[in-house]
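*Asks:* Let me begin by handing over the structure; questions about it come next.
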Amino acid sequence: MDKLKFSTVLLTISFLVTAQHVYAQGDVARGEVEFAVCAVCHGVNGEGNATLNSPRISGMEPYYTVRQLQYFRDGLRAPDASDIYGTQMRAISMTLEGDQVLQDLAAYIETLDSLSSAATIVGADINAGKASYALCQACHAPDGTGNEALNTPSLVGQHDWYVERQIMNYRDSIRGASPQDIFGAQMRPMVGTLASDEAVTNVAAYIKTLQ
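By full-length UniProt numbering, the letter at position 140 of the sequence shown is numbered 140, and the numbering carries on one by one without gaps.
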């Protein structure tokens, strides 16, 4: 890793540690009731649905779930039609009134368990993807399990097509462009180190091997 990339990683980690939030406790029972709407696209076990372009959310960390729902609701994520699938989520999140319902949903989603999906990306260079992931692991951990202290989510078990699309969204300023999205903003220079679509595909394919 060259000095510029290493310095970027160190600055990012320092910034994320100082930007932590403490979230209230959610009510799992209430969250289960609220989840009925979410299940239409994400599945009853949170397994996601490739046909609907809905990611896997089962077991997702509450700190990440709450933040993303807040971002969708407040327009920090998917603020316009450039994020086609994100705008669908924004419409749903805007029906969630108050922060407690977000806590409740997050608490229930964390209890969900679903089988990991099969890889859909074929022909990728896994070794090249692993090399690129060396930068990602500083925040997302070598095994992809994330790091609550850095507010980074687990990537384990996520659909490869979703990981690939989100990396490209960050790269193309579709995601993480809002100055208020402090965590998304730090992802953008990271994905900028991936020089091509092929490099994005390779790292997404490698992440899928982290089961």
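Every residue, glycine too, gets a C-beta built ideally from N, C-alpha and C.
#1: Hey, how far is the Cα of Arg188 from the Cα of Gly31?
#2: What is the C-beta distance between Glu164 and Ile121, in whole angstroms, given that I count them as a contact (C-beta under 8 Å)?
#3: Keeping to the same chain, check which residues put their C-beta closer than 8 Å to that of Glu110; ignore five residues upstream and five downstream.
#4: Have a look at Gly48 and Ala118 and give me their C-alpha separation to the nearest angstrom.
#5: Please name the residue in Arg77, Met168 and Met89 whose C-alpha comes closest to that of Ser178.
#6: Let me check one thing: in DSSP terms, what residues is Asn49 bridge-paired to?
#7: Output the residue ranges of the alpha helix (DSSP H) runs that lie fully inside the UniProt domain "Cytochrome c" (26-113) and measure 4 residues or longer, sorted by chain position.
#8: Select from Asp143, Glu34 and Lys208 the residue whose C-alpha is nearest the C-alpha of Glu97.
#9: For Asn147, does the three-state DSSP call read helix, strand or coil?
#10: With distances taken from CA atoms, which of Ser116, Val200 and Gly86 is nearest Ile174?
#11: If you drop the 5 nearest sequence neighbours on each side, which residues of the same chain put their C-beta closer than 6 Å to that of Val191?
#12: Start and end of the alpha helix (DSSP H) containing Ser132?
#13: Quick one: give me the first and last residue of the alpha helix (DSSP H) that Ile182 is part of.
#14: Compute the Euclidean distance between the alpha carbons of Ser82 and Leu150, then round it to the nearest angstrom.
#15: When you compare only the Cα positions, how much space is there between Gly176 and Ile207?
#16: Compute the beta-carbon to beta-carbon distance between Gln70 and Leu102, rounded to the nearest angstrom, for a pair I have assumed lies under 8 Å.
#17: By a C-beta neighbour count over all protein chains shown, 10 Å radius and 16 as the cutoff for buried, is Ser196 buried or exposed?
*Replies:* Well, looking at it:
#1: By one-based count along the sequence shown, residue 188 stands at place 188. By one-based count along the sequence shown, residue 31 stands at place 31. Rounded to whole angstroms, Arg188 to Gly31 spans 32 Å at the Cα level.
#2: On the sequence shown, residue 164 is found 164 positions in, with the first residue counted as 1. On the sequence shown, residue 121 is found 121 positions in, with the first residue counted as 1. Indeed, because the Cβ distance is near 7 Å, the residues count as touching under 8 Å.
#3: For the purposes of this step, residue 110 is identified with residue 110 of the sequence shown, where counting begins at 1. Excluding positions up to five away in sequence, the list reads Gly59, Met60, Glu61, Pro62 and Thr65.
#4: As a working note, residue 48 is residue 48 in the sequence shown. As a working note, residue 118 is residue 118 in the sequence shown. Cα to Cα, Gly48 sits roughly 12 Å from Ala118.
#5: Translated into positions along the sequence shown, residue 178 becomes position 178. Minimum Cα distance to Ser178 is reached at Arg77.
#6: Translated into positions along the sequence shown, residue 49 becomes position 49. DSSP output for Asn49 lists Ser54 as bridge partner(s).
#7: 28-42, 62-74, 84-93 and 100-111
#8: Within the sequence shown, numbered from 1, the residue matching residue 97 stands at position 97. Comparing Cα positions, the closest option is Glu34.
#9: Reading the sequence shown from its first residue, position 147 is the one you call residue 147. Strand at Asn147.
#10: Stepping through the sequence shown from its first residue, residue 174 is reached at position 174. It is Gly86.
#11: The residue labelled residue 191 in the question sits at position 191 within the sequence shown. These residues qualify, in order along the chain: Ile167, Tyr170 and Arg171.
#12: Here the question's residue 132 lines up with position 132 in the sequence shown. Here the alpha helix (DSSP H) through Ser132 covers Ile126 to His140.
#13: In the sequence shown, the residue the question calls residue 182 occupies position 182. Note, Ile182: alpha helix (DSSP H), Ile182 to Val191.
#14: If you number the sequence shown from 1, residue 82 lands on position 82. If you number the sequence shown from 1, residue 150 lands on position 150. Distance between the alpha carbons of Ser82 and Leu150 is about 28 Å.
#15: Within the sequence shown, the letter at position 176 stands for residue 176. Within the sequence shown, the letter at position 207 stands for residue 207. Between Gly176 and Ile207, the C-alpha separation is close to 21 Å.
#16: Counted from its first residue, the sequence shown places residue 70 at position 70. Counted from its first residue, the sequence shown places residue 102 at position 102. Contact flag correct, Cβ pair sits at about 7 Å.
#17: As a position in the sequence shown, residue 196 is number 196, starting the count at 1. Ser196 should be labelled exposed.
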